[in-house]
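Asker: Attaching a single structure in structure tokens format; questions to follow.
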């Protein structure tokens, strides 16, 4: 019952997070452009950020389907723009081919803008630029296979050749690969032939302003969650945090928020690791490292197993992904966090909680204390200001705050009985006083 306020606070925090992350309603470029002619055509712009995983590929396919009806453009639809920043794809060649085919056969032109500045369209995801009806690259962004080994069939029917080595916007323009200069998404939009536009005067300078209605789309909240989880650094950190929190819960009394958060993090990490190109042996090393850490946590003193766990954790972390190495910042955060957690934090917590080494606790037999929760037959008791898991005879349940006596120890669990009125064990053959 004491954890209900804490759980309530966690739920309220999650609700607030959902409200903050909820995508805004689709906006139109006409909302803040008064005085323009009434739009008669529509262009959709969707944001494609991160690796092309099943969630993102499905989102693009649905967007292509929504701009057409029975193989013809939907009412007013004249274009679909993919605003892309992606370093590769983690879907099969078959799924990627399905996306390429959808772009080729769409009755509405599907264009690609690589931006904003500093973005990239590299790896196997670069094939989308080759099949785009129109291609634009923001200054400071790059496009190319970057050494990715792609199925030649994915390049069949491409509108333009996909460079093997990534090229900048200027290099792509010189090679004739881009359709026009497009420093911003607005510049790319007004240069599309299908977009209606008119000339306006801004501070004495003539500028083109789109009349065509522009609608922006992005992943739903749930899709965004699973897309984020399938990011290499996020999946790795969730795995590390989940395993660490579950080990922490093993050495604390009861099942609390740490155990729930750890279990949820571990489940989400498993989804991400399944989607990503993960090496099984590296995952096994990370799990074994946590087991090694737990051995020394139980003793309360970092020793051989802590060092062995550290080595396994480092090797497993570095070799976790095939083709998507983790950044040094992500690795450094994980290494420091694990070192502090299992080197100082948890051993200190265990020493404080147990108030004595984990062996030689026979002195506790006969000690008196109080029940922190009801012990019927399992619960938690407090002995000498330290909390312990405990169990008692089913015939003599103990109520919360009742006085208890320790009569035995099994591992880290105490066997207790009421201070008065304990049931007699049927195996006890000694005569009654």
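In our numbering, the protein residues as written are 142 to 574. Where a beta carbon is used, it is the ideal one built from N, C-alpha and C, also for glycine.
Opposite residue 357 in the DSSP bridges: which residues?
Answerer: According to DSSP, which records beta bridges pairwise, residue 357 is partnered with 186.
Asker: Taking residue 223 as the reference, give the member of 216, 233 and 197 with the closest Cα.
Answerer: Selected option, being the one with the closest Cα: 197.
Asker: Taking the Cβ atom as the reference point for each residue, do residue 455 and residue 335 lie within a distance shorter than 9 Å?
Answerer: Result no, Cβ atoms of residue 455 and residue 335 do not sit closer than 9 Å.
Asker: Give the DSSP-derived three-state secondary structure of residue 316 in the structure shown.
Answerer: Coil at residue 316, not helix or strand.
Asker: Taking the C-alpha atoms as reference points, what is the distance between residue 259 and residue 188?
Answerer: Rounded to the nearest angstrom, the two C-alpha atoms are 15 Å apart.
Asker: CA-CA distance, residue 240 and residue 418?
Answerer: C-alpha separation (whole angstroms): 20 Å.
Asker: Is residue 165 helix, strand or coil when you go by DSSP?
Answerer: With a pLDDT of 42 at residue 165, under the threshold of 50, the modelled position of that residue is not reliable, and no figure is offered here.
Asker: Could you give the uninterrupted runs of the beta strand (DSSP E) lying entirely in the region 329-395, keeping only those of 3 residues or more?
Answerer: Complete beta strand (DSSP E) runs here, min 3: 338-343, 346-351 and 354-358.
Asker: Taking the C-alpha atoms as reference points, what is the distance between residue 370 and residue 515?
Answerer: In a straight line, the C-alpha of residue 370 is about 40 Å away from that of residue 515.
Asker: What is the DSSP secondary structure of residue 553, reduced to helix, strand or coil?
Answerer: Three-state result, residue 553: coil.
Asker: Kindly indicate the opening and closing residues of the alpha helix (DSSP H) around residue 234.
Answerer: Looking at the DSSP string, the run of the alpha helix (DSSP H) that includes residue 234 is 234-246.
Asker: At which residue ranges does the region 422-485 contain complete alpha helix (DSSP H) runs of 4 or more residues, listed in the order of the chain?
Answerer: List check, alpha helix (DSSP H) in window: 445-459 and 469-481.
Asker: Under a three-way DSSP split, which group does residue 559 fall into?
Answerer: Reduced to three states, the DSSP call for residue 559 is strand.
Asker: On the DSSP bridge list, what partners appear for residue 534?
Answerer: For residue 534, which the question treats as bridged, DSSP gives no partner whatsoever.
Asker: Hey, out of 333, 457, 409 and 270, whose CA is closest to residue 424's CA?
Answerer: Considering only alpha carbons, the answer is 457.
Asker: Select from 460, 281, 409 and 503 the residue whose C-alpha is nearest the C-alpha of residue 311.
Answerer: Of the candidates 460, 281, 409 and 503, the one whose C-alpha sits nearest the C-alpha of residue 311 is 281.
Asker: Alpha carbon to alpha carbon, how far is residue 488 from residue 399?
Answerer: Their Cα atoms are separated by approximately 17 Å.
Asker: Quick one: is residue 167 buried, meaning 16 or more other Cβ sit within 10 Å of its Cβ, or exposed?
Answerer: Residue confidence for residue 167 is low, a pLDDT of 42 falling below 50, so the modelled location carries little weight and cannot support an answer.
Asker: In whole angstroms, what separates the C-alpha of residue 257 from that of residue 444?
Answerer: Looking at the two C-alpha atoms, the distance is approximately 50 Å.
Asker: If I'm right that residue 580 touches residue 379 with Cβ under 8 Å, what's the distance once you round it to whole angstroms?
Answerer: As displayed, the chain neither begins before 142 nor continues past 574, which places residue 580 out of reach and without an answer.
Asker: Could you have a look at residue 296 and say whether DSSP puts it in helix, strand or coil?
Answerer: Residue 296 falls in the helix class under three-state DSSP.
Asker: Helix, strand or coil for residue 489, going by three-state DSSP, please let me know.
Answerer: Helix, per DSSP.
Asker: For residue 263, count the other beta carbons within 10 Å of its own beta carbon; 16 or more makes it buried, fewer makes it exposed. Which is it?
Answerer: So residue 263 ends up on the buried side.
Asker: For residue 250 and residue 296, what's the separation of their Cα atoms in angstroms?
Answerer: Each residue's Cα considered, the two are about 18 Å apart.
Asker: Of all the options 519, 518 and 526, which has the alpha carbon lying nearest to the alpha carbon of residue 511?
Answerer: Of the listed residues, the one whose Cα sits closest to residue 511 is 526.
Asker: Just to confirm, is the Cβ distance from residue 557 to residue 513 under 9 Å?
Answerer: Contact flag unset, no.
Asker: Based on the DSSP secondary-structure assignment, which residues constitute the bridge partners of residue 545?
Answerer: Residue 545 pairs with 510 and 559.
Asker: Judging by CA-CA distance, which residue of 200, 254, 261 and 212 is the nearest neighbour of residue 247?
Answerer: Per the Cα distances, 212.
Asker: What's the C-alpha gap between residue 291 and residue 349?
Answerer: Distance between the alpha carbons of residue 291 and residue 349: 39 Å.
Asker: In three-state terms, what does DSSP make of residue 219?
Answerer: In the structure shown, residue 219 sits in a strand (DSSP, three-state: E or B).
Asker: Going by the beta-carbon positions, is the gap between residue 266 and residue 227 smaller than 9 Å?
Answerer: In contact: residue 266 and residue 227 (Cβ atoms closer than 9 Å).
Asker: Below 9 Å between beta carbons: does that hold for residue 299 and residue 327?
Answerer: Not a contact, by the Cβ cut-off of 9 Å.
Asker: Report yes if the CB atom of residue 531 is closer than 9 Å to the CB atom of residue 509, and no otherwise.
Answerer: No, these two residues do not count as a Cβ contact at 9 Å.
Asker: Any Cβ of chain B within less than 9 Å of the Cβ of residue 256?
Answerer: Annotation note: the requested chain B is absent from the structure, which comprises a single protein chain.
Asker: Restricting to Cα atoms, I'd like to know which of 354, 308, 390 and 421 is closest to residue 283.
Answerer: Of the listed residues, the one whose Cα sits closest to residue 283 is 308.
Asker: Which residue wins for smallest C-alpha separation from residue 485, given the options 439, 468, 461 and 460?
Answerer: It is 439 whose Cα lies nearest to the Cα of residue 485.
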